[in-house]
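In terms of the numbering used here, the sequence shown opens at residue 5 and continues consecutively.
Ideal Cβ positions, reconstructed from N, Cα and C, are used throughout, including at glycine.
First the structure, in the form of structure tokens, and then the observations on it.
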Amino acid sequence: MNSEIQLNNLDSAAIILDGELTSFKKNGIEFIHQKGNKGWRNSDDEMFPVIGPTSKNNFRVHTKKGDAIQDQHGLLRELDYSLISSDENTANFIKKYNKNTNITNSKFPEKSTEEFLFWSFDFSFEKNFTLENDVLKIDFIINSIKGMPFMLGYHPAFLLSDSGKETLKSNDKEITMSDVFKTGSNAFPVLNSNKIILHNIAKNDLEITTKGFDNFMLWTQVNNMLCIEPITQYTSYTAQKFSEENMRLSEGKNIFSITIKVL
């Protein structure tokens, strides 16, 4: 697709490249981790229809329609977004998938034994951006048959001071960068929460609120960026037993949202 869209509102601006949020600025100050910097190769991504590594489950997810093959964080990220519409304040994208279609796995063969991935259900996945009153809102709309099992996670990366002194607050609990580092690849869980505040040393604080997810996890391996990820489930507690018993069931149409506000 290779299309870059810029949204503008009051003192804020956002840039979306092929459906990926690559920039969010207020008063010219950048808050999103930049592609190419140390830490992670992306600025944001989605995890669907599973969250977490699936290798211990032999890359299989059990559903009532049979076993599907999924790699870490699912196959959605292997699909390309198509632009639905855009204007000065909004940009709407969609991915569509036909059940049992083989999708090439970008992790194969270096990081996975599975060359192709597939899911046992049709679905469409919309990602809609709205920049209004200096607040960036991202809505995710999943359409599928009722009863389809799924997990959903959003994986944005935020730019930090590189000092290691940032802290976060959620449910009246303070979390340090040291806490996040100690958790390692499992990511630090922040459960039963729909709001988290990032206290940033070098710039304004950020308030991140969600609807539908009800949990976060925090991940980084460096001091210059932090992934603050809304998730429907924290899969490290399920011992990677991927079956629909450990997943949500679709209502036919499911809507989730995240808002990012500079304080």
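Backbone secondary structure at residue i - three-state DSSP
i    : result
F125 : coil
D183 : helix
E82  : helix
N104 : coil
N13  : strand
S59  : helix
T224 : coil
T236 : coil
N190 : helix
D143 : strand
D71  : strand
Exposure label - residue i; buried when at least 16 CB within 10 Å
i    : result
N109 : buried
Q237 : buried
D75  : buried
T58  : buried
L14  : exposed
T224 : buried
P153 : buried
T105 : exposed
K177 : exposed
E114 : exposed
First and last residue of the uninterrupted beta strand (DSSP E) at residue i
i    : result
A17  : S16 to L21
F246 : Where F246 is concerned, there is no enclosing beta strand (DSSP E), given that its DSSP letter is neither H nor E.
F28  : E24 to K30
Length of the line joining the Cα atoms of residue i and residue j
i    : j    : result
K150 : S254 : 5 Å
N196 : I33  : 31 Å
D71  : L11  : 41 Å
M155 : F144 : 13 Å
F120 : K103 : 13 Å
Beta-carbon gap between residue i and residue j smaller than 9 Å
i    : j    : result
R81  : D49  : yes
S240 : A161 : no
V266 : F97  : no
S148 : A206 : no
N227 : S167 : yes
T134 : N93  : yes
I212 : I262 : yes
Heavy atom of the ligand PLP within 8 Å of residue i beta-carbon
i   : result
N61 : In the structure shown, the ligand PLP is absent, as is every other ligand, since no ligand is present at all.
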